[in-house]
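Okay, so here's the structure we're looking at.
Numbering (this note's numbering), first residue to last: 889 to 1077.
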């Protein structure tokens, strides 16, 4: 655990060699540890070695049951960046079923983003609403639901979600500002 933790710190700092060294030491201690493979996946993803990243993510989700949800969530994020949205959605469907996973609200947000890419607006909205049920201040989910409601012509609901977003956001994103101006135009403000 200490070696994997050190490796994650080195990954955050972009020190790939130190991360790799600590992961190798961790693998020497426990060759079937999901966290080791997941961290290797992050390492190889960071260095652009996508085949090795995928190989290690797959090992992580099949090696043991400890921390599988985090590994699946990171694997899904990897798949999303590779524009493999259906595969990412499949992994996230496993993650959201783990009611004890602390990152579950963000997994619902990620699922919603995948579904948007797959042109499943209704499924996306359902995922974002589930995320908001667990974390009412999730800024991404608030903006996405506001945008979906706006696109559906439900301006009152869109305005409510946008107002909540504005209340929790320190600084708005460009996308949120654009939505805000579009709402203001519709409302004659």
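For glycine and all other residues, C-beta sits at the position ideal for the given N, C-alpha and C.
About 20 angstroms separates the beta carbon of residue 1006 from that of residue 1034, a gap too long to meet the 8 angstroms contact definition. Where residue 1071 is concerned, the enclosing alpha helix (DSSP H) starts and stops at 1062–1074.
Distance from residue 999 to residue 980 at the Cβ level is roughly 4 angstroms; contact confirmed, criterion being Cβ atoms closer than 8 angstroms.
Excluding five sequence positions before and after residue 914, the CB atoms of its chain that fall closer than 6 angstroms to its own CB belong to 891, 892 and 924, given in chain order. For the alpha helix (DSSP H) assignment, the uninterrupted runs of no fewer than 4 residues enclosed by the segment 985–1054 are, from N- to C-terminal side, 992–1005, 1009–1022 and 1027–1039. Straight-line measurement puts the Cα of residue 1057 at about 12 angstroms from the Cα of residue 1024.
Out of 969, 943 and 962, the CA that lies nearest to the CA of residue 982 is found in 962.
Non-local beta-carbon contacts of residue 1045 in its own chain, meaning distances under 6 angstroms to residues more than five positions away in sequence, involve 1037 in chain order. In the DSSP annotation of this structure, residue 1077 is not part of any alpha helix (DSSP H), being labelled neither H nor E. Between the C-alpha atoms of residue 904 and residue 941 there is a straight-line separation of about 14 angstroms. One Cα belongs to residue 1048, the other to residue 1041, and the distance between them is close to 13 angstroms.
If the five residues before and after residue 935 are omitted, its C-beta is found closer than 8 angstroms to the C-beta atoms of 904, all from its own chain and listed in chain order.
Assignment of residue 935 by DSSP, reduced to helix, strand and coil, places it in the coil class.
Beyond the five residues adjoining it in sequence on each side, residue 896 comes within less than 7 angstroms, by CB distance, of 927 in the same chain, given in chain order. Within the same chain, Cβ atoms closer than 6 angstroms to the Cβ of residue 1012 are found at 1000, 1003 and 1004, the five residues on either side in sequence being excluded.
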